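**Student:** My questions all concern the structure below.
The following block contains the structure:
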């Protein structure tokens, strides 16, 4: 029987991702770009792109590389899917930026409280 968790769905998705990475011979960047292409093809929501943002950053992927993927797959998946994906990717980046800003504010506040200033 599996151990109980507070986040069983996220834990399962993480385990699937780890297994996929371990079994795949692609380098990190190619793997993430391939996943972005798959997300575009299935018209995935912004949260799906956000789930890959950390891995994309770790693989040092650039926005130009993601744009190249969109250009490359446009003739296959179509304009509507590519435009939808571009909007979802922008939304995901907006979430990621907002989360990073919130984290920075928490760290700055904790740091200033640690120094005895408020």
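Residue numbers (my numbering): 146 to 263. Even for Gly, the Cβ is constructed at its ideal location relative to N, Cα and C. Since we're looking at a predicted model, the values are computed, not measured.
Taking just the CA atoms, how far does residue 201 sit from residue 255?
**Tutor:** What you label residue 255 is simply residue 110 of the chain shown in a count that begins at 1. What you label residue 201 is simply residue 56 of the chain shown in a count that begins at 1. Rounded to the nearest angstrom, the two C-alpha atoms are 29 Å apart.
**Student:** I need the straight-line Cα distance from residue 243 to residue 220, nearest angstrom please.
**Tutor:** Taking the chain shown and counting its residues from 1, the one referred to as residue 243 is at position 98. Taking the chain shown and counting its residues from 1, the one referred to as residue 220 is at position 75. If you take the alpha carbons of residue 243 and residue 220, they lie about 33 Å apart.
**Student:** Which residue marks the beginning of the alpha helix (DSSP H) containing residue 171, and which one marks its end?
**Tutor:** Your numbering for residue 171 matches position 26 in the chain shown. Premise fails: residue 171 is in no alpha helix (DSSP H) and is neither H nor E.
**Student:** To the nearest angstrom, report how far apart residue 206 and residue 150 are at their CA atoms.
**Tutor:** Sequence index remark: in the chain shown, residue 206 carries index 61 (1-based). Sequence index remark: in the chain shown, residue 150 carries index 5 (1-based). When rounded, the distance between both Cα atoms is 32 Å.
**Student:** What is the C-beta distance between residue 218 and residue 182, in whole angstroms, given that I count them as a contact (C-beta under 8 Å)?
**Tutor:** In the chain shown, counting from the first residue as 1, residue 218 sits at position 73. In the chain shown, counting from the first residue as 1, residue 182 sits at position 37. Residue 218 to residue 182, Cβ: 5 Å. Contact.
**Student:** If you draw a straight line from the C-alpha of residue 169 to the C-alpha of residue 163, how long is it?
**Tutor:** Working through the chain shown from its first residue, we reach residue 169 at position 24. Working through the chain shown from its first residue, we reach residue 163 at position 18. The alpha-carbon atoms of residue 169 and residue 163 are separated by roughly 10 Å.
**Student:** Taking the Cβ atom as the reference point for each residue, do residue 198 and residue 241 lie within a distance shorter than 9 Å?
**Tutor:** Along the chain shown, read from residue 1 onward, the residue named residue 198 stands at position 53. Along the chain shown, read from residue 1 onward, the residue named residue 241 stands at position 96. In this structure, residue 241 lies closer than 9 Å to residue 198 by Cβ.
**Student:** At the level of alpha carbons, what is the spacing between residue 178 and residue 193?
**Tutor:** Taking the chain shown and counting its residues from 1, one reaches residue 178 at position 33. Taking the chain shown and counting its residues from 1, one reaches residue 193 at position 48. Rounded to whole angstroms, residue 178 to residue 193 spans 13 Å at the Cα level.
**Student:** Note down the Cα distance separating residue 210 from residue 171, rounded to an integer number of angstroms.
**Tutor:** Taking the first residue of the chain shown as 1, we reach residue 210 at position 65. Taking the first residue of the chain shown as 1, we reach residue 171 at position 26. Computed Cα separation, rounded: 16 Å.
**Student:** Identify, in the order they occur along the chain, each residue of the same chain with its Cβ nearer than 7 Å to the Cβ of residue 229, setting aside the five sequence neighbours on each side.
**Tutor:** The residue labelled residue 229 in the question sits at position 84 within the chain shown. Excluding sequence neighbours, residue 229 sits near 188.
**Student:** Indicate the three-state DSSP secondary structure (helix, strand or coil) for residue 151 in the structure shown.
**Tutor:** The residue labelled residue 151 in the question sits at position 6 within the chain shown. Correct three-state label for residue 151: coil.
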